[in-house]
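Below you'll find the structure, written out as structure tokens, and then a few comments.
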Amino acid sequence: MSQTVLIVEDEYITRDILTTWLEEAGYNTCSAANGLEALLEAREKSPDLVVADIMMPQMDGYELCKMMRQLSSTPFMFLTGFGSENHKRQGFRMGANEFLVKPVDMDVFLQRVSELLSKSYPSSPPTIEPFRRTSPEEAE
7 MSQTVLIVED EYITRDILTT WLEEAGYNTC SAANGLEALL EAREKSPDLV VADIMMPQMD
67 GYELCKMMRQ LSSTPFMFLT GFGSENHKRQ GFRMGANEFL VKPVDMDVFL QRVSELLSKS
127 YPSSPPTIEP FRRTSPEEAE
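With the sequence shown counted from 1, adding 6 to any position gets you the working numbering.
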């Protein structure tokens, strides 16, 4: 059974890139454009991991993380453009398990996803190797 990652990101292009990376690596995905949508999506889909930006309309990532912690122990990763130590401390205070700063390398992102899921669900070994894009010449 494939694990599901909820992507919470208000920028469509970033959300689409993360969805592509995760699905090509074998994960199921669902997504939301803000924290309020994410709470509804999490209630409906029960994701195995939440990956969220901080700055979003209606409900920011900090508030989402805090509310998710009140509702479940689902692993939570911030993926944001805010990289100061204050932002990181605030993210971990809210209950985040991981904090990555954009732009992020695809292999690093997928490795952190795999690590969080394997720590949270030890009976499910990591199901992926880091995905590497190949040029058309290498594929032949």
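Where a beta carbon is used, it is the ideal one built from N, C-alpha and C, also for glycine. Computed from a prediction, not measured in an experiment: that's the story for all the values here.
- Each residue's CA atom was taken as its position, placing Thr26 and Glu104 some 21 Å apart.
- Under the DSSP definition of a beta bridge, Phe115 lacks any partner.
- Residues of the same chain with a CB within less than 6 Å of the CB of Gly87, apart from the 5 flanking positions on each side, are Lys108 in chain order.
- Contact between the segment 60-77 and the segment 112-122 is absent, with fewer than three C-beta pairs closer than 8 Å.
- By the C-beta density criterion, Ile13 is buried, having at least 16 other C-beta atoms within 10 angstroms.
- Cβ contact annotation for Met83 (same chain, cutoff 8 Å, sequence separation greater than five): Leu55, Val56, Val57, Ala58, Ala102, Asn103, Glu104, Phe105, Leu106, Arg118, Val119 and Leu122, in chain order.
- Leu24 is a Cβ neighbour of Glu15, given a cutoff of 8 Å.
- Membership of Asn40 in any alpha helix (DSSP H) is not indicated, and neither H nor E is assigned to it by DSSP.
- With distances taken between CA atoms, Met100 lies nearest to Lys72 out of Lys72, Met62, Arg21 and Pro81.
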